[in-house]
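Engineer: This structure is in structure tokens; I'll ask about it shortly.
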Amino acid sequence: MSEELDILKRALKREKAARKQAEQILEGKSRELYDLTQELKQLNEQLEDGLTKKTSELQGVFDNLVDAYVLMDISGNVVKMNNSAKNLFGYDIDQEKLNIVTLIYKEDYQYAMTSFQELVTKGSFSDYQARVYTKDKGVRTVHINASLIRNKNNQPVAAQGIVRDITYELEQNRVFDEQKKQLSVIVENSSLGIALTQFGKILQTNKAFQNFLGYTKEELIQKEVKDISLKEEYALSSENMEKMNNGKIDHFSVNKRYVRSDGSNVWAKTNVAAVRNPDKTIKYQVALIEDITDQLESEKQRDLLVKNLEKMNLELSEYAHVVSHDLKSPLRSIYALVNWIKEDYSSAFDKTGLGHLSMIERTLEKMETLINDILSYSRAGNKENLESQQIDLNTLISDIKNVVLIPDNTEVYCKQKLPVINGDKTRIQQVFQNLIGNAVMYMDKEKGQIEIDYSDQNTHYQFKIKDNGPGIKEQYHTKIFKMFESVGNHKNSTGIGLAIVKKIVELYEGKIWLESSPEKGTTFYFTLKK
Amino acid sequence: MSLNFLLIEDDEIERLKFARVLQKNGYTHNLIEKENGEEALKFLESKEQLPDIIFLDLNMPKMNGLEFLKLLKSNSSLKYTPVVILSTSNNHNDLKESYEIGIAGYIVKPLKYDDYAHKIKCLVEYWSVNEFIKT
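Which chain is which? The protein sequence lines are A and B, in order.
Those letters in the first sequence? Residues 1 to 530, by this note's numbering.
Those letters in the second sequence? Residues 531 to 665, by this note's numbering.
Here you go:
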């Protein structure tokens with residue numbers, strides 16, 4: 001019995017020990033499990049955190065994407081669009097439903113459907129470019145990359161597309177192309193020869209350039225600038241090129257000769273301008289050449305003509321001077337002789353005889369006036385002795401009033417203070433003196449009035465000399481300015497005075513004209529360049 | 531005091547005019563007449579009779595007035611003799627050139643004889659009261 005008990009006791013003890021051990025193991029395991037659970041919980045929390053963060057990040061990217069983003073279900077209903085998409089299409093799917101078909105531009109419908117097929121079959125398409133309608137019936141051109149979204153079972157559930165508005169870009173390109181086309185039309189049809197060069201090599205030429213040198217476009221591309229330049233002149237151009245390369249000048253102009261395909265030389269004015277890179281180094285040179293062979297020839301002829309004309313003018317003026325002197329001397333002699341006859345032999349003449357002698361004297365005087373007038377006419381237009389000084393016209397007029405004999409019943413006055421002008425005093429005085437002198441000389445009214453006035457006309461002064469004299473018939477209005485065309489019948493009139501006036505006025509790039517009627521008298525107008 | 535005048539003038543009537551003014555006014559000055567510059571120069575170089583004052587016409591054949599004037603002014607012993615131009619020309623260039631070379635006066639001959647006589651009279655009266663360098 002006790003043996004049995006012992007056995008039982010031992011068994012119990014063993015069992016206890018085993019249980020303890022098992023308990024210990026269990027306890028350890030359960031601690032491990034707890035720790036693991038804790039760890040897992042923490043990790044899970046971290047993950048969740050990360051996910052929320054990522055989602056909000058994504059939302060931000062989505063919203064702020066510059067390109068429009070559109071998500072639609074498989075029947076084309078838009079389920080999501082970002083701000084750019086809302087702005088582009090003008091729809092807001094939070095407010096209203098939108099099916100993608102509404103957006104398709106009528107003419108592009110077929111193309112859209114084909115692309116959609118491609119999306120379905122291939123899962124994506126890219127570089128789709130078509131027009132779309134916006135909500136306010138505007139039309140935009142867009143570029144779309146799209147892809148299909150599938151579920152776990154590989155079934156298509158949605159499609160997403162990134163849409164870029166390229167309307168402005170296309171317009172820019174179109175404008176750019178248009179301008180390029182316009183420019184090339186201008187360049188190609190320009191009568192100036194135009195060449196684009198780089199480091200002395202010819203890159204491009206226009207028709208005029210090719211025709212000018214007698215080469216084809218292709219031949220010229222093979223050439224360098226020095227191939228079509230004269231050796232001795234190339235140095236001059238290359239000196240300028242050097243300066244241009246160093247950034248000292250941006251353009252230069254030379255007259256140089258070119259060697260044509262047939263070996264002949266041709267003169268051309270050449271303008272070279274630099275096209276620079278941002279770092280100021282030369283990218284290209286643009287050369288504009290203009291055939292000046294004819295120009296040089298006509299310049300040569302013109303110079304010769306001008307020289308001849310100058311010589312002739314000088315000769316003519318000298319001629320007038322000499323002739324007038326030679327004519328004047330005999331007049332003096334005759335006058336002296338007549339005078340002596342009168343003095344020494346007066347008793348030998350009766351009244352008629354003495355009268356005739358006086359008539360000789362008067363004729364001589366008239367002839368003297370004539371010669372003087374011709375002389376001043378030839379001097380008036382001679383630019384050689386033209387002086388320029390400040391002339392106070394108020395002083396000038398009062399000087400003239402002293403020179404011209406003005407009868408008491410005639411009044412010469414200025415309506416307003418006259419300006420100070422620049423000019424040759426002798427000539428300007430001649431203009432006023434002749435006009436005032438004429439007005440005084442022909443005055444037929446009891447109370448003669450001669451009024452001087454002016455107005456400032458920017459580049460010119462316009463003067464006005466108005467009288468209340470007899471007036472001039474219209475048929476004579478142009479005739480009176482011609483040499484020897486005196487209309488009046490005055491003894492001192494030679495018919496040159498107004499011709500001189502006209503010549504001087506024209507010397508100062510002015511005009512002269514008149515208004516006249518027998519009742520009101522005559523008003524002479526003339527302009528003088530400032 | 532009686533002065534020696536040299537009148538260089540190609541025109542006979544002009545010479546007569548000048549002489550007549552002297553004579554009509556009772557001047558006792560001595561008048562030498564030469565027909566052109568060449569003749570006058572020959573006369574001056576001979577030093578036969580040196581004038582106190584020269585009256586010179588500009589337009590003359592052979593040697594004209596200005597040519598004569600230049601030669602005279604470049605002659606060291608003759609250059610002090612005052613020269614008065616008598617001319618029908620009041621041309622600016624003639625006047626300028628004359629004064630540039632060196633003249634003592636420039637008279638423009640008027641058309642009317644009376645005016646001429648008056649001018650010459652003034653001229654003679656003026657020079658009568660002048661001092662001259664005697665060489």
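For glycine and all other residues, C-beta sits at the position ideal for the given N, C-alpha and C.
These numbers were taken from a predicted model, which means no experiment stands behind them.
Within 8 Å (strictly less), CB to CB, does B:His622 reach chain A?
Structural biologist: To locate residue 622 of chain B, count along the second sequence from 1; it is residue 92. Yes - at least one Cβ of chain A is within 8 Å of the one on B:His622.
Engineer: Note down, in chain order, every chain C residue with its Cβ under 8 Å from the Cβ of B:Asp541.
Structural biologist: Protein chains A and B are contained in the structure displayed, whereas chain C is not.
Engineer: Determine the closest residue to B:Pro581 out of B:Asn589, B:Glu597, B:Gly595 and B:Tyr610, with distance taken between C-alpha atoms.
Structural biologist: Counting from 1 along the second sequence, the entry for residue 581 of chain B is found at position 51. It is B:Tyr610 whose Cα lies nearest to the Cα of B:Pro581.
Engineer: Output, in chain order, the set of chain A residues within a Cβ distance shorter than 7 Å of B:Asn589.
Structural biologist: Stepping through the second sequence from its first residue, residue 589 of chain B is reached at position 59. His325, listed in chain order.
Engineer: Are the beta-carbon atoms of B:Gly632 and B:Gly595 separated by less than 8 Å?
Structural biologist: The residue you call residue 632 of chain B lines up with position 102 of the second sequence. The residue you call residue 595 of chain B lines up with position 65 of the second sequence. Not a contact, by the Cβ cut-off of 8 Å.
Engineer: Using a Cβ-Cβ distance cut-off of 8 Å, determine whether B:Tyr636 contacts chain A.
Structural biologist: In the second sequence, residue 636 of chain B corresponds to position 106, counting from 1. Cβ-Cβ to chain A under 8 Å: no for B:Tyr636.
Engineer: If I'm right that A:Ile421 touches A:Ile391 with Cβ under 8 Å, what's the distance once you round it to whole angstroms?
Structural biologist: For this step, residue 421 of chain A is matched to residue 421 along the first sequence. For this step, residue 391 of chain A is matched to residue 391 along the first sequence. Right, the Cβ-Cβ distance comes to about 6 Å (below 8 Å), so this counts as a contact.
Engineer: Could you work out which residues of chain B lie near A:Glu365, taking near to mean beta carbons separated by less than 7 Å?
Structural biologist: Here residue 365 of chain A refers to the residue found at position 365 when the first sequence is read from its first residue. Ordered by position in chain B, the residues that pass the 7 Å Cβ test against A:Glu365 are Leu641.
Engineer: Applying the criterion that 16 or more other CB atoms from any shown protein chain within 10 Å of the CB defines a buried residue, is B:Asp624 buried or exposed?
Structural biologist: Within the second sequence, residue 624 of chain B is the residue found at index 94, counting from 1. So B:Asp624 counts as buried.
Engineer: Under 8 Å, Cβ to Cβ, is there at least one residue of chain B near A:Asn211?
Structural biologist: Position 211 of the first sequence holds residue 211 of chain A. It does not; no Cβ of chain B falls within 8 Å.
Engineer: In chain order, which continuous runs of the alpha helix (DSSP H) of length 4 or greater are located wholly inside the stretch 173–254 of chain A?
Structural biologist: Whole alpha helix (DSSP H) segments, 4+ residues: 207–213, 217–221 and 231–245.
Engineer: Using DSSP with H/G/I as helix, E/B as strand and the rest coil, what is A:Asp108?
Structural biologist: Stepping through the first sequence from its first residue, residue 108 of chain A is reached at position 108. In this structure, A:Asp108 counts as helix in the three-state DSSP scheme.
Engineer: How about A:Lys201 and A:Glu218: are their beta carbons less than 8 Å apart?
Structural biologist: Position 201 of the first sequence, counted from the start, is the residue given in the question as residue 201 of chain A. Position 218 of the first sequence, counted from the start, is the residue given in the question as residue 218 of chain A. No, the pair does not count as a contact, with Cβ atoms beyond the cut-off.
Engineer: With burial defined as no fewer than 16 other Cβ atoms inside 10 Å of the residue's Cβ, what is the status of A:Arg14: buried or exposed?
Structural biologist: Indexing the first sequence from 1 puts residue 14 of chain A at position 14. It counts as exposed.
Engineer: Out of A:Thr270, A:Lys503 and A:Lys283, which has the shortest C-alpha to C-alpha gap to A:Asn382?
Structural biologist: For the purposes of this step, residue 382 of chain A is taken as the residue at position 382 of the first sequence. The shortest C-alpha separation from A:Asn382 is found at A:Lys503.
Engineer: Ends of the alpha helix (DSSP H) at A:His460?
Structural biologist: Within the first sequence, residue 460 of chain A is the residue found at index 460, counting from 1. Here A:His460 belongs to no alpha helix (DSSP H); instead the beta strand (DSSP E) covers His460 to Asp467.
Engineer: Are the stretch 640–651 of chain B and the stretch 327–339 of chain A in contact at 8 Å, needing three or more beta carbon pairs?
Structural biologist: Yes, the stretch 640–651 of chain B is in contact with the stretch 327–339 of chain A.
Engineer: Going by Cα to Cα distance, which pick from A:Leu236, A:Ile406 and A:Met367 is closest to A:Gln449?
Structural biologist: Position 449 of the first sequence, counted from the start, is the residue given in the question as residue 449 of chain A. Minimum Cα distance to A:Gln449 is reached at A:Ile406.
Engineer: Quick one, are the C-beta atoms of A:Gly423 and A:Asp444 less than 8 Å apart?
Structural biologist: Within the first sequence, the letter at position 423 stands for residue 423 of chain A. Within the first sequence, the letter at position 444 stands for residue 444 of chain A. Not a contact, by the Cβ cut-off of 8 Å.
Engineer: Identify every residue that forms a DSSP beta bridge with A:Ser516.
Structural biologist: For the purposes of this step, residue 516 of chain A is taken as the residue at position 516 of the first sequence. Paired residue(s): A:Thr522.
Engineer: Could you tell me whether the Cβ atoms of A:Ile397 and A:Cys414 are closer together than 8 Å?
Structural biologist: Residue 397 of chain A sits at position 397 when you count from the first residue of the first sequence. Residue 414 of chain A sits at position 414 when you count from the first residue of the first sequence. Cβ distance < 8 Å, so A:Ile397 and A:Cys414 count as in contact.
Engineer: For the beta strand (DSSP E) containing A:Ser298, name the first residue and the last one.
Structural biologist: Residue numbering aside, residue 298 of chain A sits at position 298 when the first sequence is read from its first letter. Not the beta strand (DSSP E): A:Ser298 falls in the alpha helix (DSSP H), residues Thr293 to Tyr345.
Engineer: Between A:Ile472 and A:Leu498, how many whole angstroms is the CB-CB distance? I'm expecting something under 8 Å.
Structural biologist: The count along the first sequence starts at 1 and reaches residue 472 of chain A at position 472. The count along the first sequence starts at 1 and reaches residue 498 of chain A at position 498. Wrong, their Cβ atoms sit about 10 Å apart, outside the cutoff.
Engineer: Is the stretch 146–160 of chain A in contact with the stretch 66–84 of chain A, if contact means three or more CB pairs nearer than 8 Å?
Structural biologist: As far as the Cβ criterion goes, the stretch 146–160 of chain A touches the stretch 66–84 of chain A, which means the pair count is three or higher.
Engineer: Per DSSP, A:Tyr454 is paired with what?
Structural biologist: Position 454 of the first sequence holds residue 454 of chain A. A:Phe463.
Engineer: Using the Cα positions of A:Ile500 and B:Ala570, report the straight-line distance between them to the nearest angstrom.
Structural biologist: Locating residue 500 of chain A in the first sequence gives position 500, counting from the first residue. Locating residue 570 of chain B in the second sequence gives position 40, counting from the first residue. When rounded, the distance between both Cα atoms is 40 Å.
Engineer: Please state if the CB of A:Lys464 and the CB of A:Asp456 are separated by a distance shorter than 8 Å.
Structural biologist: Against the first sequence, residue 456 of chain A aligns to sequence position 456. Against the first sequence, residue 464 of chain A aligns to sequence position 464. Their beta carbons are not under 8 Å apart, which means A:Asp456 does not touch A:Lys464 by this criterion.
Engineer: Can you look up A:Tyr91 in the DSSP assignment and give me helix, strand or coil?
Structural biologist: The residue given as residue 91 of chain A occupies position 91 in the first sequence. Coil.
Engineer: Mind checking which residues open and close the beta strand (DSSP E) that includes A:Tyr413?
Structural biologist: The sequence position of residue 413 of chain A within the first sequence is 413, counting from 1. Thr410 to Cys414 is the extent of the beta strand (DSSP E) around A:Tyr413.
Engineer: How should A:Tyr215 be labelled, buried or exposed, when 16 other C-beta atoms within 10 angstroms of its C-beta is the threshold for buried?
Structural biologist: To locate residue 215 of chain A, count along the first sequence from 1; it is residue 215. Per the 10 Å Cβ criterion, buried.
Engineer: Please state if the CB of A:Ile289 and the CB of A:Ala274 are separated by a distance shorter than 8 Å.
Structural biologist: Position 274 of the first sequence, counted from the start, is the residue given in the question as residue 274 of chain A. Position 289 of the first sequence, counted from the start, is the residue given in the question as residue 289 of chain A. No.
Engineer: Relative to chain B, which residues along the stretch 342–359 of chain A have a C-beta separation below 8 Å, given in chain order?
Structural biologist: So the list is empty, because no residue satisfies the distance condition.
Engineer: Tell me which same chain residues have a C-beta within less than 7 Å of the C-beta of A:Leu98, skipping the five on either side of it?
Structural biologist: As a working mapping, residue 98 of chain A is identified with position 98 in the first sequence. Cβ within range, chain order: Val78 and Tyr91.
Engineer: Given that B:Ser628 touches chain A, what residues does it touch there, using C-beta distances under 7 Å?
Structural biologist: Reading the second sequence from its first residue, position 98 is the one you call residue 628 of chain B. Chain A residues near B:Ser628: none, gap ~14 Å exceeds 7 Å.
Engineer: Kindly indicate the opening and closing residues of the beta strand (DSSP E) around A:Asn145.
Structural biologist: Position 145 of the first sequence, counted from the start, is the residue given in the question as residue 145 of chain A. Where A:Asn145 is concerned, the enclosing beta strand (DSSP E) stretches over Val139 to Arg150.
Engineer: Helix or strand or just coil, what does DSSP make of A:Arg260?
Structural biologist: Taking the first residue of the first sequence as position 1, residue 260 of chain A is located at position 260. The answer is coil: DSSP assigns A:Arg260 none of H, G, I, E or B.
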